[in-house]
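In what follows, a single structure is set out as structure tokens and then discussed.
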Amino acid sequence: MSENKTNMSTMALVTKTMPFIIARILTYVIFAVIAFVFLGIMVGIGFLLLKMFGESAGAFIVVMLIALLVLYGGLRFVERYFLYMVKLGHVSVIVQLLDKGKVPDGKGMVAYGKDSVVENFGASNVAFLVDSMVHAAVRQIQRWIMRIGEMFRFIPGSQYVMGIISAIMSVSLNYIDEAVMSYVFLQKSKQKEESVWKSASDGVTLYAQSWKGVLKTAAIAVVFIYVFTIVVFLVLAFPLMFVSKIIAGDTEGLGFFLGFLALLGAWILTVLIKRALIDPVVTVMMVRSYQMSIRTLEPAIDLQQKLLGVSSNFRKLFNKAKDDVADEVPPNVAK
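Under my numbering, think of the first position of the sequence shown as 2, with each following residue one higher.
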């Protein structure tokens, strides 16, 4: 291990990178306020249509479905065009802290994260494309790994174990691609003159080499996510349903609608709280686990060749890296 590298704990990394988490929290708080104002307006429109059409609840349901689709689209937009860059900046700083113990002198943490993302990817659409290809490649590789596990189905109870592992890998997939992307920042910090496609391709290979170690952290993260989600939803749902019952009183049919809205509101708040607070913590856990697992590893050529045969998405990523190298070769050299 290099003398500069650190074994900084997850909590230390979370504490040191708190500005990124605060930025996420503020963004989701603003979105939540706008979402509930919009939802309130749509509920009012829904009740107006309910009165206009009498007992038919069809119009109300259509309005609520439209409201949910708009909110989901708005959330995806915010996460795609703003929070995604914040997340990548966060990942770059985590890598720097693990590799050097601090960000370069004269730069703030957020400024360093922003500059690091721009230097590596140039624009958000490039970063998003690389991440999407990594995500797709990792998904196929995880399915390949699970198929290898099916060879042991003759062992009693093995199917249950594989089922649990599959569930863990499915949930953790949302965080593993950011962990793999951290390899891009690691290579850049080492002054490696290679394309992001090459770094991403090697990063996926290293994930396939170290998946067992990463899976241990993923298992802890998945349990953490499920427990948090269930507890927060129940804590929010019961008070909101109690308030809806008081408001509804004895009005026939109103209690059902308000109860539904209470559960919907509790779920929306739970999702926003999870994404604001838990997702960045789990990202720190996964990036740290991945970086610690690959410290003594180099991308294995034989495994890389194997992955090219089992994952079409990894093959696309690998070919993109080769194309970039070919583009950089001067015409008089390429023969």
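No residue lacks a Cβ here, since even glycine has one placed at the ideal position from N, Cα and C.
Using the three-state DSSP reduction, which class does residue i fall into: helix, strand or coil?
{"i": "G109", "result": "coil"}
{"i": "V104", "result": "coil"}
{"i": "R296", "result": "coil"}
{"i": "N320", "result": "helix"}
{"i": "T18", "result": "coil"}
{"i": "A301", "result": "coil"}
{"i": "G123", "result": "coil"}
{"i": "M43", "result": "helix"}
{"i": "K115", "result": "helix"}
{"i": "N8", "result": "coil"}
{"i": "S312", "result": "coil"}
{"i": "S3", "result": "For S3, the pLDDT reaches just 47, beneath the cut-off of 50, and the residue's location in the model is therefore unreliable, although a value from the coordinates is still provided. Of the three classes helix, strand and coil, the one that applies to S3 here is coil, per DSSP."}
Which residues in the same chain as residue i place their Cβ atom closer than 6 angstroms to its Cβ, once the five residues preceding and following it in sequence are excluded?
{"i": "I26", "result": "A277"}
{"i": "S202", "result": "L318, F319, A322"}
{"i": "S346", "result": "Nothing about residue 346 can be read from this structure; the chain reaches only from 2 to 336."}
{"i": "S211", "result": "S294, I295"}
{"i": "M43", "result": "V64, A68"}
{"i": "K199", "result": "A322"}
Using 8 angstroms for Cβ pairs, my map puts residue i next to residue j. What's the rounded Cβ distance?
{"i": "N121", "j": "V181", "result": "Not really, about 14 angstroms apart at Cβ, beyond 8 angstroms."}
{"i": "M286", "j": "T218", "result": "5 angstroms"}
{"i": "L130", "j": "L14", "result": "Not really, about 27 angstroms apart at Cβ, beyond 8 angstroms."}
{"i": "F21", "j": "G114", "result": "7 angstroms"}
{"i": "M170", "j": "Q143", "result": "5 angstroms"}
{"i": "H91", "j": "T16", "result": "Wrong, their Cβ atoms sit about 13 angstroms apart, outside the cutoff."}
{"i": "L237", "j": "I248", "result": "Wrong, their Cβ atoms sit about 17 angstroms apart, outside the cutoff."}
{"i": "I226", "j": "V288", "result": "Rounded, the Cβ-Cβ distance is 16 angstroms, inconsistent with contact."}
{"i": "V311", "j": "W145", "result": "5 angstroms"}
{"i": "D100", "j": "S190", "result": "6 angstroms"}
Indicate whether at least one CB of chain C lies closer than 8 angstroms to the CB of residue i.
{"i": "N126", "result": "This model lacks chain C altogether, as it is built from one protein chain only."}
Tell me which same chain residues have a C-beta within less than 7 angstroms of the C-beta of residue i, skipping the five on either side of it?
{"i": "V139", "result": "L174, I177, D178, V181, V205, Y208"}
{"i": "E195", "result": "Q188"}
{"i": "L76", "result": "F32"}
Tell me whether residue i counts as near the ligand ADP, meaning its Cβ is closer than 7 angstroms to at least one heavy atom of that ligand.
{"i": "V185", "result": "The ligand ADP is not among the ligands present in this structure, which contains no ligands whatsoever."}
Keeping to the same chain, check which residues put their C-beta closer than 8 angstroms to that of residue i; ignore five residues upstream and five downstream.
{"i": "M86", "result": "K115, V118, S125, A128"}
{"i": "L72", "result": "A36, F39, L40, I269"}
In chain order, which continuous runs of the beta strand (DSSP E) of length 3 or greater are located wholly inside the segment 168-222?
-> none
Completely contained alpha helix (DSSP H) runs for the segment 234-281, where each covers 4 or more residues = 255-274
Enumerate, from N- to C-terminal direction, the unbroken alpha helix (DSSP H) stretches of 4 or more residues contained entirely within the segment 52-92.
-> 59-79
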